[in-house]
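Numbering (our numbering), first residue to last: 2 to 420.
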């Protein structure tokens, strides 16, 4: 598929919304006026959110941007409508727009916080996912705006602390611009999808996203194992230190609504735990704690007794309660570990996966969008020597693979199943 190339340089820069910076919607009267305008608008509804994950413990939305033709852009502060509850409830407003297609970029990032305020679409269009299905090399909103519309979108406030009040004017301008031309990007992508014969694929993907938008996130087993630097630790005793410190930090971060890394950085935790191994210590002391820079910042130092208690708990654990060196698996292990225990599955994976990569390249679709790595792993792990295409299709469908994906990959998988 050939796409129109934008000029190499000199894109006009979008720096201010065409209609000016809209005021923040933070009163019941303004909210009613906003949704009255949106109901009377036409065409799809562009939606975006701003969070403060680098600053706050939760991933709640601190701003929701919406725009519809004829209604203009509206910047809603959902925290102003919580009324003492953990989150606002916009379900009634979502119902008013149930027949409208919503346009989001990277919907999987926005849908969880929209689900928290019960403001979810029935139908949606995801511009990032559409770009991935088209095989575009760059799928960020800024890159797509340049390629599709020949415009540069400034992104300097994407990692800002959106919990700040009042929100600075330049941040509000940035937020409004994120939805101002989103519907035009949707139109461009629809043309490209139709030309590539992929519009039906995209529609299935969007329907799946909308249908599962309210699904709760699956809790991760032993989330402390994602601590940066953990790979350098090997002893169960050191891992126990990380686990106890991580859990203590998590509780503090939640109680203060502060990002965990702003309480104590991950690297400080693993650096402290590493001293058990590098210095062959039986236990860690107050001196060890104070010698690690990350535990000396203003917030961490205030809770020195909490960290010392965590170190004491780790040191007192009997061997039977120390964490294992490796994480318990949630489902099949990674294929690289199959060779010894499941050699037939290992060989099968190494026949099928390259063929699917080749198919993805031919179709200009990333292989992870052609078939989920988790779906493929669950299908092939500890698998039978003989299986027919119908059973492969059934198993992939049970995992959640869409019809368009199964139509493309099942023939390849069934042909290469047996050596």
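Glycine included, each C-beta is placed from N, C-alpha and C at the ideal position.
These numbers were taken from a predicted model, which means no experiment stands behind them.
From the DSSP output, in three-state form, read off residue 413 for me. Here residue 413 corresponds to residue number 412 of the chain shown, with the count starting at 1. If DSSP states are grouped into helix, strand and coil, residue 413 belongs with the helices.
By a C-beta neighbour count over all protein chains shown, 10 Å radius and 16 as the cutoff for buried, is residue 8 buried or exposed? Within the chain shown, residue 8 is the residue found at index 7, counting from 1. The predicted position of residue 8 is uncertain, since its pLDDT is 41 and thus under 50; no value can be drawn from it.
Check the DSSP bridge columns for residue 389 and list the partner residues they point to. Residue numbering aside, residue 389 sits at position 388 when the chain shown is read from its first letter. Bridge partners of residue 389: none, in fact.
Taking just the CA atoms, how far does residue 309 sit from residue 135? Along the chain shown, one-based indexing puts residue 135 at 134. Along the chain shown, one-based indexing puts residue 309 at 308. Per the coordinates, the alpha-carbon of residue 135 lies some 53 Å from the alpha-carbon of residue 309.
Using 8 Å as the cut-off, can you tell me whether the stretch 177-186 makes contact with the stretch 54-61, which would need three or more C-beta pairs spanning the two stretches below that distance? The answer is no - the stretch 54-61 does not touch the stretch 177-186, with fewer than three Cβ pairs under 8 Å.
Using 8 Å as the threshold, is the stretch 122-129 in touch with the stretch 17-25, meaning 3 or more CB pairs across them? Judged by Cβ distances under 8 Å, the stretch 122-129 makes no contact with the stretch 17-25, as fewer than three pairs qualify.
For residue 13, the three-state DSSP class (helix, strand or coil): On the chain shown, residue 13 is found 12 positions in, with the first residue counted as 1. Residue 13: coil per DSSP, three-state reduction.
Could you check what DSSP says for residue 4 in three-state terms: helix, strand or coil? Here residue 4 is taken as the residue at index 3 of the chain shown, counted from 1. The pLDDT assigned to residue 4 is 35, lower than 50, so where the model puts this residue is not dependable, and the model offers no usable value.
Would you report the Cα separation of residue 269 and residue 168, rounded to the nearest angstrom? The count along the chain shown starts at 1 and reaches residue 269 at position 268. The count along the chain shown starts at 1 and reaches residue 168 at position 167. In a straight line, the C-alpha of residue 269 is about 32 Å away from that of residue 168.
Which of the three DSSP states is assigned to residue 28 in this structure? To locate residue 28, count along the chain shown from 1; it is residue 27. Of the three classes helix, strand and coil, the one that applies to residue 28 here is coil, per DSSP.
Can you confirm whether the stretch 191-205 touches the stretch 293-312 when touching is taken to mean that 3 or more C-beta pairs between the two stretches lie within less than 8 Å? Contact fails: fewer than three Cβ-Cβ distances are below 8 Å.
Under a three-way DSSP split, which group does residue 18 fall into? As a working note, residue 18 is residue 17 in the chain shown. In the structure shown, the three-state DSSP call for residue 18 is coil.
Compute the Euclidean distance between the alpha carbons of residue 5 and residue 366, then round it to the nearest angstrom. Walking along the chain shown from the start, residue 5 turns up at place 4. Walking along the chain shown from the start, residue 366 turns up at place 365. Caution applies to residue 5, whose pLDDT of 37 falls short of 50 and renders its modelled position unreliable; the value that the coordinates give is listed next. Linking residue 5 to residue 366 through their CA atoms gives a straight-line distance of about 19 Å.
Rounded C-alpha distance that separates residue 420 from residue 50: Locating residue 420 in the chain shown gives position 419, where the first residue counts as 1. Locating residue 50 in the chain shown gives position 49, where the first residue counts as 1. Straight across, the Cα-Cα distance linking residue 420 with residue 50 is about 49 Å.
Mark residue 418 as exposed unless 16 or more other C-beta atoms lie within 10 angstroms of its C-beta, in which case mark it buried. Translated into positions along the chain shown, residue 418 becomes position 417. Label assigned to residue 418: buried.
Contact check, residue 260 vs residue 252, beta carbons under 8 Å: By one-based count along the chain shown, residue 260 stands at place 259. By one-based count along the chain shown, residue 252 stands at place 251. Going by C-beta atoms, residue 260 is not nearer than 8 Å to residue 252.
Starting from residue 111, trace the alpha helix (DSSP H) in both directions and tell me its first and last residue. Here residue 111 refers to the residue found at position 110 when the chain shown is read from its first residue. Element bounds for residue 111: 108-117.
Using the three-state DSSP reduction, which class does residue 79 fall into: helix, strand or coil? Residue numbering aside, residue 79 sits at position 78 when the chain shown is read from its first letter. Residue 79: helix per DSSP, three-state reduction.
Give, in chain order, every unbroken run of the alpha helix (DSSP H) that is at least 4 residues long and sits entirely within the stretch 316-381. You should have 344-364, 368-371 and 374-381.
Out of 158, 271, 302 and 371, which one is the CA nearest neighbour of residue 52? In the chain shown, the residue the question calls residue 52 occupies position 51. Minimum Cα distance to residue 52 is reached at 158.
Under 8 Å Cβ to Cβ from residue 237, same chain only, skipping five residues before and after it: list those, please. Locating residue 237 in the chain shown gives position 236, where the first residue counts as 1. Apart from the 5 residues on each side of it in sequence, residue 237 sits with its Cβ closer than 8 Å to the Cβ of 320, 323, 324, 325 and 326 in its chain, given in chain order.
Suppose only complete runs of 4+ residues qualify. What are the alpha helix (DSSP H) ranges in the stretch 213-293, listed by chain order? Segments of the alpha helix (DSSP H) lying fully in the stretch 213-293: 237-257, 261-264, 267-279 and 287-292.
Buried or exposed for residue 335, going by 16 or more other Cβ atoms inside 10 Å? Walking along the chain shown from the start, residue 335 turns up at place 334. Taking a 10 Å sphere around the C-beta of residue 335, we find fewer than 16 other C-beta atoms and assign the residue as exposed.
Locate the alpha helix (DSSP H) running through residue 49, then write down its first and last residues. Here residue 49 corresponds to residue number 48 of the chain shown, with the count starting at 1. Boundaries for residue 49: no alpha helix (DSSP H) harbours it, while the beta strand (DSSP E) harbouring it runs 43-51, taken from the DSSP string.
Using the Cα positions of residue 265 and residue 288, report the straight-line distance between them to the nearest angstrom. Residue numbering aside, residue 265 sits at position 264 when the chain shown is read from its first letter. Residue numbering aside, residue 288 sits at position 287 when the chain shown is read from its first letter. Whole-angstrom Cα-Cα distance: 17 Å.
Exposure of residue 342, with buried meaning 16 or more beta-carbon neighbours within 10 Å: As a first step, residue 342 is located in the chain shown; it is residue number 341 there, counting from the start. By the C-beta density criterion, residue 342 is exposed, having fewer than 16 other C-beta atoms within 10 angstroms.
How would you call residue 41, buried or exposed, if buried means at least 16 neighbouring beta carbons within 10 angstroms? Mapped onto the chain shown, residue 41 falls at position 40. Its Cβ having fewer than 16 others within 10 Å, residue 41 is exposed.
Assuming contact is defined by CB atoms lying nearer than 8 Å, are residue 358 and residue 312 in contact in what I supplied? Counting from one through the chain shown, the residue named residue 358 turns up at place 357. Counting from one through the chain shown, the residue named residue 312 turns up at place 311. Taking 8 Å as the Cβ cut-off, residue 358 and residue 312 do not qualify as a contacting pair.
Is the stretch 344-356 in contact with the stretch 381-389, if contact means three or more CB pairs nearer than 8 Å? Yes, they touch.
Using beta-carbon positions only, say whether residue 306 and residue 267 come within less than 8 Å of one another. Taking the first residue of the chain shown as position 1, residue 306 is located at position 305. Taking the first residue of the chain shown as position 1, residue 267 is located at position 266. No. Outside cutoff.
So residue 124 is in the beta strand (DSSP E); what residue range does that whole segment cover? Position 123 of the chain shown holds residue 124. Taken as a continuous stretch (DSSP letters only), the beta strand (DSSP E) holding residue 124 covers 124-127.
With contact counted as at least three CB pairs below 8 Å, one residue from each stretch, are the stretch 79-90 and the stretch 105-122 in contact? These segments touch.
Taking the beta carbon of residue 3 as the centre, do at least 16 other beta carbons fall within 10 Å, making it buried, or is it exposed? Position 2 of the chain shown, counting from 1, holds the residue named residue 3. Because the pLDDT of residue 3 is 35, which lies under 50, any placement of that residue in the model is unreliable, and the number read from its coordinates should be weighed accordingly. So residue 3 counts as exposed.
Residues bridged to residue 68 (per DSSP): In the chain shown, counting from the first residue as 1, residue 68 sits at position 67. According to the DSSP secondary-structure assignment, residue 68 is paired through a beta bridge with 47 and 74.
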